[in-house]
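Visitor: Numbering (the working numbering), first residue to last: 132 to 313.
Even glycine gets a Cβ: it sits at the ideal position worked out from N, Cα and C.
Model, not experiment: these values are computed from the prediction.
1. Is residue 166 helix, strand or coil when you go by DSSP?
2. What is the DSSP secondary structure of residue 234, reduced to helix, strand or coil?
3. Under 8 angstroms: do the segment 229-236 and the segment 251-259 share three or more Cβ pairs, one atom per stretch?
4. Would DSSP call residue 141 helix, strand or coil?
5. Just the C-alpha distance for residue 205 and residue 151, rounded to the nearest angstrom, thanks.
6. Going by the beta-carbon positions, is the gap between residue 300 and residue 176 smaller than 9 angstroms?
7. Do residue 183 and residue 379 have their beta-carbon atoms positioned less than 9 angstroms apart in this structure?
8. Measure the Cβ-Cβ separation of residue 287 and residue 178 and say whether it is below 9 angstroms.
9. Measure the alpha-carbon distance for residue 242 versus residue 294 and round it to whole angstroms.
10. Output the boundary residues of the beta strand (DSSP E) element that contains residue 288.
11. Quick one: give me the first and last residue of the beta strand (DSSP E) that residue 195 is part of.
12. Report the rounded CA-to-CA distance for residue 310 versus residue 186, giving the unit in angstroms.
13. Would you tell me roughly how many angstroms separate the C-alpha atoms of residue 247 and residue 225, rounded to the nearest one?
14. Please list the terminal residues of the continuous beta strand (DSSP E) segment that includes residue 202.
15. By the 10 Å Cβ neighbour count, where 16 or more other Cβ atoms means buried, how is residue 212 classified, buried or exposed?
16. Closer than 7 angstroms by C-beta to residue 145: which residues in its own chain qualify, once you throw out the five before and the five after it? Chain order, please.
17. Throw me the rounded Cβ distance for the residue 201 and residue 230 pair, which I believe falls under 8 angstroms.
18. I'd like the span of the alpha helix (DSSP H) that includes residue 304, first residue to last.
19. Would you list the one or two residues that DSSP bridges to residue 226?
Structure below.
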């Protein structure tokens, strides 16, 4: 059951984490179950947020997981339809699921940030993971002979206000990607 205050990072199983962390858990689990062997998931990270629009609040949720030789991304976001065909304005939900072979990952960075205490001990304050693929999504001609290519990248971040467990799970996710990327 969805609990806006729940910390998914304390749950080792993907299904349990999704159930408490995402408002559309049944949809997320059903769509992932169609392509994912839950027993083979070696790491996952969940994120969610809210944005304000003129029509109201838009909530989004993301599930990123490593399963076998793949990275799978599920992303859902609220939307708003102004109405059509005699139907009144109403909420919408848009969902995207992407699957990438880990062999498409060309680079990955894991950045950890710490506060250093007076006694010299370190306190983890932020974790950032960026995954670059070999997929070119844009080429711009910069001169007669040169082009600038942009590759697809995915960014994940966790901060101390989300808890140490979530930051550690993002580190675990990055390590799982590194171990399985060739």
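Guide: With the structure as the only source:
1. coil
2. helix
3. Two segments are said to touch when three or more pairs of C-beta atoms, one from each, lie closer than 8 angstroms; by this definition the segment 229-236 does not touch the segment 251-259.
4. helix
5. 16 angstroms
6. yes
7. In this structure the chain extends from 132 to 313, so residue 379 is not present and cannot be described.
8. Taking 9 angstroms as the Cβ cut-off, residue 287 and residue 178 qualify as a contacting pair.
9. Going from the Cα of residue 242 to the Cα of residue 294 covers about 17 angstroms.
10. 278-290
11. 187-198
12. The alpha-carbon atoms of residue 310 and residue 186 are separated by roughly 44 angstroms.
13. 42 angstroms
14. 201-212
15. So residue 212 counts as exposed.
16. Within the same chain, residue 145 has close Cβ partners 169, 172, 175 and 196.
17. Sure, about 6 angstroms apart at Cβ, within 8 angstroms.
18. 295-311
19. 207
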